[in-house]
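See below for the structure under consideration.
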Amino acid sequence: MSASALSPIEPLVAFLSHALVVAQRTFAAIPGSPILVRYVRSSYRNDPGRSLLELILVIFAIRTLMQSRTRSRSQKGYVKLSEKEIDELVDEWIPEPLVQPMDEDEAAELSALPVIAGPSGPRPKLASNGKTVLNLANYNFTGLQNNEHIKERAVEILRKYGLGSCGPPGFYGTIDVHMDLERNIASFLGAETCIIYSQGFSTIPAVIAAFGKRGDIIVADRGVNFAIHKGLQISRSTIRWYDHNDMKSLEETLESVAKETKKKKWPLTRRFIVTEGIFENDGAMSDLPKLIELKK
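Counting from 1, one number per residue, gives the positions in the sequence shown under the working numbering.
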């Protein structure tokens, strides 16, 4: 090939080379670019398919950010409606109901539910006949919500700190009353310190997950409440179940775990027994002395 044939290409090659050098210098000036380069090189060397997928995702993200969020009138398929046509479409539109109508069974079930008149408590009055009943499905079993002193203090706190959607420090932010309460609880229990959670349901999984880790063995009662089930799940420990509140089944399960550990020559692991003092689901009480005896 003659030199005259190559001459028209030389300016283009020179331009591309210069543009590439400028692009490299510009990219190198970006903070963190060496880290990105090392990541791409190592990723491509170990898994080229992953690098290609990541490149496609980056291109898709850039395209999504740069494209128009609304359809332009100049775009293909755009239909301009007159005000009359818009009004007709609005009049013809029939929205779906937010809640489906109740059937006869649901209506009968709803009408049979007792309605409480006045504040909730352990002994409320029914709106239907004014009869005082014992409410066993109420968390306010102590009646503290209706205590006048607590009501007055609640009003004072609202006026001083304002009203938020939640009270715990994890949502509202840590303030002096939270720290005072933690100190008082720790002093009452004789503990070094205390942590306030938003509710019991979030406390239980957090405590279980703080102790139980992957590789640990937890022997748990089949009748524990839902919060404990979630705590066991997120702990990622090996779970072994025993029959509900059955100390004989617990003993057999502990012996089975010991034999399995010895047979498979597992490394020494931590083992926990998880149960409830008073079971939330049925009100049964655990045999604590027997539990302490078996855990030894």
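Quick reminder that beta carbons are idealized off the backbone N, C-alpha and C, glycines included.
Nonlocal neighbours in the same chain, by C-beta distance under 7 Å from Asn281, ignoring five residues either side | Taking the first residue of the sequence shown as 1, we reach residue 281 at position 281. Take Asn281, set aside five residues on each side of it, and the residues of its chain with a beta-carbon closer than 7 Å to its own are Gly223, Asn225, in chain order.
Specify the secondary structure class of Met179 as computed by DSSP and reduced to three states.
-> The residue labelled residue 179 in the question sits at position 179 within the sequence shown. Secondary structure at Met179: helix, using DSSP grouped into helix, strand and coil.
According to the neighbour-count rule (16 or more other Cβ atoms, all chains shown, within 10 Å of its Cβ), is Ile218 buried or exposed?
-> Stepping through the sequence shown from its first residue, residue 218 is reached at position 218. Around the beta carbon of Ile218, 16 or more other beta carbons lie within 10 angstroms, which makes this residue buried.
Along the chain, which unbroken stretches of the beta strand (DSSP E) at least 3 residues long are found entirely within the stretch 218–293?
-> Complete beta strand (DSSP E) runs here, min 3: 238–242, 271–274.
Within the stretch 121–161, ranges of the alpha helix (DSSP H) (whole runs, at least 4 residues) | Those alpha helix (DSSP H) runs which fall completely within the stretch 121–161 and span 4+ residues are 148–161.
CB-CB under 7 Å to Cys194, same chain, minus the five flanking residues each way: which ones, in chain order?
-> Taking the sequence shown and counting its residues from 1, one reaches residue 194 at position 194. Listed in chain order, the non-local C-beta contacts of Cys194 below 7 Å within the same chain comprise Glu182, Ile185, Ala186, local neighbours out to five positions each way being set aside.
On the three-state DSSP scale, how would you describe Ile116?
-> Sequence index remark: in the sequence shown, residue 116 carries index 116 (1-based). Here Ile116 sits in strand by DSSP.
Near Ile273, which residues of its chain fall below 6 Å by C-beta distance, leaving aside the five closest residues on each side in sequence?
-> Taking the sequence shown and counting its residues from 1, the one referred to as residue 273 is at position 273. Result list for Ile273: Val219, Lys295, in chain order.
Under the three-state reduction of DSSP, which class applies to Pro96: helix, strand or coil?
-> In the sequence shown, the residue the question calls residue 96 occupies position 96. Correcting the residue identity first, residue 96 is Glu in this sequence and not Pro. Note: Glu96 maps to coil in three-state DSSP.
Taking C-beta to C-beta, are Gly173 and Ala209 nearer than 8 Å?
-> In the sequence shown, counting from the first residue as 1, residue 173 sits at position 173. In the sequence shown, counting from the first residue as 1, residue 209 sits at position 209. Not closer than 8 Å, so no.
Nearest to Leu268 by alpha carbon, out of Gly277, Ile175, Val40, Ala258?
-> Your numbering for residue 268 matches position 268 in the sequence shown. Distances from the alpha-carbon of Leu268 to those of Gly277, Ile175, Val40, Ala258 put Ala258 closest.
Should Gln145 and Pro119 be called a contact, given that it needs their Cβ atoms to be closer than 8 Å?
-> For the purposes of this step, residue 145 is identified with residue 145 of the sequence shown, where counting begins at 1. For the purposes of this step, residue 119 is identified with residue 119 of the sequence shown, where counting begins at 1. Contact flag set, yes.
Note down the Cα distance separating Asp105 from Leu136, rounded to an integer number of angstroms.
-> In the sequence shown, counting from the first residue as 1, residue 105 sits at position 105. In the sequence shown, counting from the first residue as 1, residue 136 sits at position 136. Rounded to the nearest whole angstrom, the C-alpha separation of Asp105 and Leu136 is 25 Å.
Looking only at its own chain, which residues have a Cβ that is under 6 Å from the Cβ of Met285, when we skip the five neighbours before and after it?
-> Start at 1 with the first residue of the sequence shown, and residue 285 comes out as number 285. Hits under 6 Å: Ile278.
Terminal residues of the continuous alpha helix (DSSP H) containing Ala210?
-> By one-based count along the sequence shown, residue 210 stands at place 210. For Ala210, the enclosing alpha helix (DSSP H) stretches over residues 200–211.
So, using beta-carbon positions, are Met102 and Leu110 closer together than 8 Å?
-> Translated into positions along the sequence shown, residue 102 becomes position 102. Translated into positions along the sequence shown, residue 110 becomes position 110. Yes; because the gap between Cβ atoms is below 8 Å, this pair is in contact.
Check whether the Cβ atoms of Ile116 and Ala127 sit closer than 8 Å, and answer yes or no.
-> Along the sequence shown, one-based indexing puts residue 116 at 116. Along the sequence shown, one-based indexing puts residue 127 at 127. A contact, by the Cβ cut-off of 8 Å.
State the DSSP-derived secondary structure class of Ala28, mapped to helix, strand or coil.
-> Locating residue 28 in the sequence shown gives position 28, where the first residue counts as 1. If DSSP states are grouped into helix, strand and coil, Ala28 belongs with the helices.
For the putative contact between Gly121 and Gly143, defined by C-beta atoms under 8 Å, what is the C-beta separation to the nearest angstrom?
-> For the purposes of this step, residue 121 is taken as residue 121 along the sequence shown, with counting starting at 1. For the purposes of this step, residue 143 is taken as residue 143 along the sequence shown, with counting starting at 1. About 5 Å separates the beta carbons of Gly121 and Gly143, which is inside the 8 Å limit, making them a contact pair.
Where Pro11 falls: helix, strand or coil (DSSP) | Mapped onto the sequence shown, residue 11 falls at position 11. In this structure, Pro11 counts as helix in the three-state DSSP scheme.
Can you tell which of Gly190, Leu189, Ala206 has the C-alpha that lies nearest to the C-alpha of Tyr197?
-> In the sequence shown, residue 197 corresponds to position 197, counting from 1. Out of Gly190, Leu189, Ala206, the CA that lies nearest to the CA of Tyr197 is found in Ala206.
C-alpha gap between Glu54 and Arg25, whole angstroms | Taking the first residue of the sequence shown as position 1, residue 54 is located at position 54. Taking the first residue of the sequence shown as position 1, residue 25 is located at position 25. A straight-line Cα-Cα distance of about 23 Å links Glu54 and Arg25.
How is the alpha helix (DSSP H) around Pro169 delimited, first residue to last?
-> Along the sequence shown, one-based indexing puts residue 169 at 169. From DSSP, the alpha helix (DSSP H) with Pro169 extends over 169–172.
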